[in-house]
Every structure is written in structure tokens, then in C-alpha cells.
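This report concerns only the one structure given below.
Residue numbers (the numbering used here): 31 to 524.
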């Protein structure tokens, strides 16, 4: 063979080798990636080729799948009480993708999970239509409805979270304003326009305020400040007078901070009285005496600065609640009353409250109890997990004593329920530096305990941006307190 022909043969051989390598690379290395790529139309067609499994609340399906018309995507998702449950279900949209439980458990709901391989095989053999598995949630439908109805009737942007303190079960997860996932579940141009309109809405209906947004927790954080002061020995007697003057002079500053209850009540008040009337001076002083490091340590044991919402089932995703890493004395003082650069999700404040009920133990929150196959076989069952021991049992008991006194004799009376032991704490949170003309955020945390020991912890957050309301209505708990009471009643008085 002459030299030019040999070169051509070698070149062609190299081309053939490159093609073989590329084919094997696609077939064996990139196969899974390509098979699951959302841009692969075949993936989308297969995902919606079968009736999707259901998300279950209180033994009833809150989702459905109906046959679509004029599309190669056979089934489209529908939702029952869509706006009420949207923060739980998320959405499964043929054009916009998936979020929350729909996205996390797509493989089970669509029937493509490896644990359903045998059922897929038997369906092929028997000629049955494929169907996805079900996701069984921990949500209490009565509690969810009570929280949602309360916020909607106020016309408020806000959130409600209810937890079972003993297990970490999420009993209610509400965010308003909300949206109906059914309105953009398909892939038409009109549905895409609806989704974009929701995204452009200033009220942010697509936002999950319970998990994905953080706010200064205001005076509700005082229950954590009290726990830190007791745990670290700064306060040993909750009935003893303090040395915290009112108004309180911030360290290294000329600023003095008063309390709505007035100096006559708050000056040198005991911690129990300070909780009752929400006296800022006592908690500012307590935070300074505990110190930034120990305040942060206690906050982190309750879940701040941690990714605490992802259980083994991976069903919760949330923004971190933050206790600042670096604080001077004035900044530390402000965190004592839930202000400064401190931020929290409603879920986090519900966790703090639940831990106080649960003798100081923080349970890992979870919203999915079980995954089931179409034939009702259990694929996976969640078991409660202790996340941390935030404070001792004796500390938790003393904080409960103060919260229950606040419910009976103080600012949390709106949450009282006959026959139920109730503890509570109101809260207001300033929005920033220039707050003179702004109505603050409203908070309310509470718990209820039945004589048989069954309990529930609730956090209610209200953003009054769209409301014509006075500061007094927010700070007194007159709006959020009744919502918390209704949610607790729904759980405990069945």
C-alpha cells in the first residue's frame, strides 16, 4: 500500500474508533442522564403517560389525574382545595416543572421508582394500565383549614405552621396568598401566561412563607432568650426582680429602648412578669449577660443556622433561620427581643415552641408519613427522630410556666381554650431602620396540651402590608391569637 492510501486508511480507522467510543459513551455513561433530562420530550411523555398517584391528607386524596385532549401528554394533574394545600403539594405542571412533594416524590407518584419495578412488570404481563404510588402526608385537614381560613378572612399575607411536639409531624403548613396549581398544570399558552402572572404578582402567591422566607421573629424569640438565660444560669428564679431598668440603655450607645407596657410595669421586672407584659428591657439585658456565643449556641440547638428541614425522606426544603455569627454587645442585646440581624422562618419558631413543650427535645419535622405502592404496599415509613436536646427538662418546664402565665394573665389570652392547658407569646417585629410609619410584622406562638398529654405547637406569622390595620391590633395578638387558637382546637378537640 502506498503512503497516501495508508494515511487515508489510518484516518478512517480513527474516525471509526471515535464513533464507537462516542456511541458507547452515550449508551453506557450518559444513558441515565439523557433518559432523565427534562428537555427530552420522551421523558415528559413517559411521565404523563400514566395516571399519577395521589397525595393523601386525612385518608383522602387531594390530587387527581384526568385525561387531557389534543396532547401527547396523556394525563394532566388536578388539585382539590388547591390554594389551601399548595404549600404542601407544590405543583406538577407539564410546562413549568414540579415543586415540593410533587417534585420530591415524582418517581413514586409517576410510577417510575425502582421499588415499583415488579409492579410495572406485572402490569405489562397482565395488560393493566400503569399507575403511580401514593404519598401519605402528616397534615391534619381540620388544622390546615383553620389556619388557611383564618389568614384568608384577614386578607393577610402570612403563614401558619402546626407541629406535633412529640413526633415532629407537620400538622398544618399554610401560606397566603396562595394559588391553584390546577390552573397551569397543562402546557397550553394560556396556562403559561397564568403562571407568569402569578410570578409577577407583588403579593407573591407562589412564595411558601412557611419554609422559604425569613423574617425577624420579634418578641416570640423571647421564649428562646428566656431558655438561654435559664440554661446558662443567668436567671435562676423567674419570679425574682431583675436589675434591668426601663427604658433600657443599649450597651455602647445612647439609645434607650422602652416597652409598650410602660416603665412602671417593666422597670426591674422579673422574667415571668417580663414575659407576661413583653417587657423588652429584661430580655435585652438577659441576652447581653448570656453573651453572643452562648445565645448563638442555644439558638443553634433549636435549629438556627442549620439545614434542619430535610428528613430522611427529603420532603422539606427551607431557608435557614439565622442567628448572626458576629455580634457586638448592642447587636446581641437586640437579638434578645428578636430584632437586629436575627431572622427566622415560621417553621423555625414552631420548632422552638414545640421543643419547649417536649421537655427541651427538638424533633425533626416531617410532612410525609409513608410512601405506598398502587396495591397499598408500604414502600417507606417515617420514624420520628430527635434532632437535638436544646435545653434541659427543668429549663423547658420554667419557660412553659411563663408562657402559660402569659396566656392566663398577659398578652396571649386570645389563645385560651377551655379544658386545654395553653401557653403563648405574642410578637411584633420591625421591618428595618425607618419604621416610624410602618406597621410591624405580627407573630404569635402557642401550644396546647390535653389532660391525656396530646399536644400541638403553632406559629402564626402575619405581614400586614395589604391590610388597613393599627399597630395595636398586631402587637396585642388580637389577629394572630384567634388563628392559633382555632388551629389548636382543630387538633385537640375532635
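All C-beta atoms in this analysis are idealised placements derived from N, C-alpha and C, irrespective of residue type, glycine included.
So, with DSSP's three-state summary, where would you put residue 134? Position 104 of the chain shown, counted from the first residue, corresponds to residue 134. Residue 134 falls in the helix class under three-state DSSP.
Using beta-carbon positions only, say whether residue 441 and residue 507 come within less than 8 Å of one another. Within the chain shown, the letter at position 411 stands for residue 441. Within the chain shown, the letter at position 477 stands for residue 507. Yes; because the gap between Cβ atoms is below 8 Å, this pair is in contact.
On the CB-based measure, 16 or more other CB atoms within 10 Å of its CB, does residue 221 come out buried or exposed? For the purposes of this step, residue 221 is taken as the residue at position 191 of the chain shown. Under this definition residue 221 is a buried residue.
Which of helix, strand or coil does DSSP assign to residue 305? Sequence index remark: in the chain shown, residue 305 carries index 275 (1-based). Residue 305: helix per DSSP, three-state reduction.
Helix, strand or coil for residue 341, going by three-state DSSP, please let me know. Taking the chain shown and counting its residues from 1, the one referred to as residue 341 is at position 311. Note that residue 341 has pLDDT 49, beneath the 50 cutoff, so the model's placement of it is unreliable and no number is given.
For residue 241, three-class secondary structure by DSSP: For the purposes of this step, residue 241 is taken as the residue at position 211 of the chain shown. Coil, per DSSP.
With 16 other Cβ atoms within 10 Å as the buried cut-off, status of residue 311: The count along the chain shown starts at 1 and reaches residue 311 at position 281. Residue 311 should be labelled buried.
How long is the line joining the alpha carbons of residue 307 and residue 478, rounded to whole angstroms? Start at 1 with the first residue of the chain shown, and residue 307 comes out as number 277. Start at 1 with the first residue of the chain shown, and residue 478 comes out as number 448. Straight-line Cα distance between these residues: approximately 20 Å.
Where residue 196 sits in the DSSP three-state scheme: Along the chain shown, one-based indexing puts residue 196 at 166. Three-state DSSP puts residue 196 in coil, outside helix and strand.
Rounded to whole angstroms, what is the Cα-Cα separation between residue 266 and residue 107? Position 236 of the chain shown, counted from the start, is the residue given in the question as residue 266. Position 77 of the chain shown, counted from the start, is the residue given in the question as residue 107. The alpha-carbon atoms of residue 266 and residue 107 are separated by roughly 57 Å.
Spatial neighbours of residue 423 within its chain, please: C-beta separation below 8 Å, excluding the five flanking residues on both sides. Numbered from 1 along the chain shown, position 393 holds the residue referred to as residue 423. Same-chain partners within the cutoff: 389 and 390.
Might you give, ordered along the chain, the residues of its own chain that have their beta carbon closer than 7 Å to the beta carbon of residue 261, omitting 5 neighbours on each side? Numbered from its first residue, the chain shown carries residue 261 at position 231. Closer than 7 Å at the Cβ level, and outside the excluded window around residue 261, lie 328, 421, 422 and 425.
Could you compute how far the alpha carbon of residue 461 sits from the alpha carbon of residue 129? Here the question's residue 461 lines up with position 431 in the chain shown. Here the question's residue 129 lines up with position 99 in the chain shown. So the two alpha carbons sit approximately 29 Å from each other.
Burial state of residue 174, where buried means 16 or more other Cβ atoms lie within 10 Å: As a working note, residue 174 is residue 144 in the chain shown. Residue 174 comes out buried.
Indicate whether residue 236 and residue 229 have their beta-carbon atoms separated by less than 8 Å. Within the chain shown, numbered from 1, the residue matching residue 236 stands at position 206. Within the chain shown, numbered from 1, the residue matching residue 229 stands at position 199. Taking 8 Å as the Cβ cut-off, residue 236 and residue 229 qualify as a contacting pair.
Per-residue burial, residue 397 [other beta carbons within 10 Å of its own, 16 or more giving buried]: Looking up residue 397 in the chain shown gives position 367. Buried: at least 16 other Cβ atoms inside 10 Å.
Please classify residue 342 as buried or exposed, where buried requires at least 16 neighbouring CB atoms within 10 angstroms. To locate residue 342, count along the chain shown from 1; it is residue 312. Caution is warranted here: a pLDDT of 46 is assigned to residue 342, below 50, making its placement in the model unreliable, and the coordinate value is therefore given only provisionally. Exposed is the call here.
Proximity to residue 193 [Cα-Cα], best of 430, 202 and 246: Working through the chain shown from its first residue, we reach residue 193 at position 163. With distances taken between Cα atoms, residue 193 lies closest to 202.
Figure out for me which residue from 352, 251, 378 and 142 has the closest Cα to the Cα of residue 371. For the purposes of this step, residue 371 is taken as the residue at position 341 of the chain shown. Of 352, 251, 378 and 142, the residue nearest in Cα terms is 352.
Along the chain, which unbroken stretches of the alpha helix (DSSP H) at least 4 residues long are found entirely within the segment 317 to 382? 322 to 332 and 359 to 366
Three or more beta-carbon pairs under 8 Å between the segment 84 to 99 and the segment 117 to 126, yes or no? yes
Per DSSP, the bridge partner or partners of residue 401: The count along the chain shown starts at 1 and reaches residue 401 at position 371. Answer by DSSP bridge pairing, in chain order: 165 and 410.
Do three or more CB pairs link the segment 285 to 305 to the segment 234 to 248 at distances below 8 Å? no
What are the start and end residues of the beta strand (DSSP E) that includes residue 475? Against the chain shown, residue 475 aligns to sequence position 445. Start and end: 471 to 479.
Under 8 Å between the Cβ atoms of residue 409 and residue 165? Residue numbering aside, residue 409 sits at position 379 when the chain shown is read from its first letter. Residue numbering aside, residue 165 sits at position 135 when the chain shown is read from its first letter. No, the Cβ-Cβ distance between residue 409 and residue 165 is not below 8 Å.
Going by CA-CA distance only, name the one from 45, 141, 182 and 433 that's closest to residue 497. Numbered from its first residue, the chain shown carries residue 497 at position 467. Comparing Cα positions, the closest option is 182.
How long is the line joining the alpha carbons of residue 138 and residue 406, rounded to whole angstroms? On the chain shown, position 108 is the one that residue 138 refers to. On the chain shown, position 376 is the one that residue 406 refers to. Roughly 13 Å between the two C-alpha positions.
Taking the straight line between their C-alpha atoms, what separation do you get for residue 379 and residue 489? For this step, residue 379 is matched to residue 349 along the chain shown. For this step, residue 489 is matched to residue 459 along the chain shown. So the two alpha carbons sit approximately 6 Å from each other.
Residue 187 to residue 77, Cα distance in whole Å? Taking the chain shown and counting its residues from 1, the one referred to as residue 187 is at position 157. Taking the chain shown and counting its residues from 1, the one referred to as residue 77 is at position 47. Rounded to whole angstroms, residue 187 to residue 77 spans 34 Å at the Cα level.
Within 10 angstroms of the Cβ of residue 184, are there 16 or more other Cβ atoms? Answer buried if so, exposed if not. For the purposes of this step, residue 184 is taken as residue 154 along the chain shown, with counting starting at 1. Buried: at least 16 other Cβ atoms inside 10 Å.
Kindly indicate which residue of 113, 110 and 163 has the alpha-carbon position closest to the one of residue 404. As a first step, residue 404 must be located in the chain shown, where it is residue number 374. Residue 163 is the option with its Cα nearest to residue 404.
For the beta strand (DSSP E) that contains residue 425, what are its first and last residues? As a first step, residue 425 is located in the chain shown; it is residue number 395 there, counting from the start. Note, residue 425: premise wrong, no beta strand (DSSP E); alpha helix (DSSP H) at 423 to 439.
Please report how far the alpha carbon of residue 234 lies from the alpha carbon of residue 135, in whole angstroms. The residue you call residue 234 lines up with position 204 of the chain shown. The residue you call residue 135 lines up with position 105 of the chain shown. Distance between the alpha carbons of residue 234 and residue 135 is about 25 Å.
Does DSSP put residue 524 in a helix, in a strand, or in coil? The count along the chain shown starts at 1 and reaches residue 524 at position 494. In the structure shown, residue 524 sits in coil (DSSP, three-state: anything other than H, G, I, E or B).
Residue range of the unbroken alpha helix (DSSP H) whose run includes residue 502: Taking the chain shown and counting its residues from 1, one reaches residue 502 at position 472. Where residue 502 is concerned, the enclosing alpha helix (DSSP H) stretches over 501 to 505.
Evaluate residue 486 with the Cβ neighbour count: other Cβ atoms within 10 Å of its Cβ, from every protein chain shown; 16 or more gives buried, anything less gives exposed. Numbered from its first residue, the chain shown carries residue 486 at position 456. Residue 486 comes out buried.
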